[in-house]
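Below is one structure, written out as structure tokens; the observations come after it.
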Amino acid sequence: MAGKGTPATALLAKQKVPHVLHAYEHDPRAESYGLEAVEVLGLDPARVFKTLVAEVDGKLTVGVVPVTGQLDLKALAAAAGGKKAKMADPAAAQRATGYVLGGISPLGHRSRLPVVIDASAEKFETVHCSAGRRGLEVELAPADLVRLTNAVLAPIAA
Numbered sequence: 015m016a017g018k019g020t021p022a023t024a025l026l027a028k029q030k031v032p033h034v035l036h037a038y039e040h041d042p043r044a045e046s047y048g049l050e051a052v053e054v055l056g057l058d059p060a061r062v063f064k065t066l067v068a069e070v071d072g073k074l075t076v077g078v079v080p081v082t083g084q085l086d087l088k089a090l091a092a093a094a095g096g097k098k099a100k101m102a103d104p105a106a107a108q109r110a111t112g113y114v115l116g117g118i119s120p121l122g123h124r125s126r127l128p129v130v131i132d133a134s135a136e137k138f139e140t141v142h143c144s145a146g147r148r149g150l151e152v153e154l155a156p157a158d159l160v161r162l163t164n165a166v167l168a169p170i171a172a
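The sequence shown begins at 15 in my numbering and counts up one residue at a time.
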């Protein structure tokens, strides 16, 4: 992975968290980055999570949900202790996380953002999420993902 590391992979290495990286050739025509990873890597879609950035009462907040689901904005707002949520401006999401759309990882953000992970992640021994660039997924234990992101677990997928 020399020269291909990301802030997410650097954080995992620094914290000595057991993980497996899964790289694949990203197709720029793919409409869903998460579903592309499922298909190309042959993964269980329930175990692959996408990272979405929303605004909860004006504050950027990260929601991590299964790729087959949608982010329930009302549930995210409630889990984050807010009243109202809407999807964040893509440019603001990229600035705050340091990642490009389709490669936003829940790990290693440029700015410390609150993270809420869908509670379904707890059902699995390991889950997959973006490792910080298109075409790179990381597999790790949900408990490690929660700990490293200081996340709240809540039912936020619709």
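Beta carbons are placed, not taken as given, at the ideal position from N, Cα and C, and that holds for glycine.
Does any residue of chain B bring its CB to less than 9 Å from the CB of residue i?
i   : result
G96 : The structure shown contains no chain B, having only a single protein chain.
Terminal residues of the continuous beta strand (DSSP E) containing residue i?
i   : result
A99 : A99 to M101
G77 : K73 to P80
Give a yes or no on whether the C-beta atoms belonging to residue i and residue j are separated by under 9 Å.
i   : j    : result
V70 : G95  : yes
K64 : V54  : no
A99 : A168 : no
Counting along the chain, where does the alpha helix (DSSP H) carrying residue i start and finish?
i    : result
L87  : L87 to A93
Q108 : P104 to T111
From residue i to residue j, what distance separates their C-alpha atoms?
i    : j    : result
L35  : G146 : 11 Å
C143 : A172 : 18 Å
K30  : A24  : 10 Å
E50  : K97  : 33 Å
L57  : A92  : 31 Å
In the DSSP output, what is residue i paired with across the bridge?
i    : result
S144 : E151
V130 : G77 and V166
A171 : L85
*Of all the alpha helix (DSSP H) runs that stay within the bounds of the region 22 to 72, which reach a length of 4 or more residues?*
Qualifying alpha helix (DSSP H) stretches, in chain order: 47 to 55.
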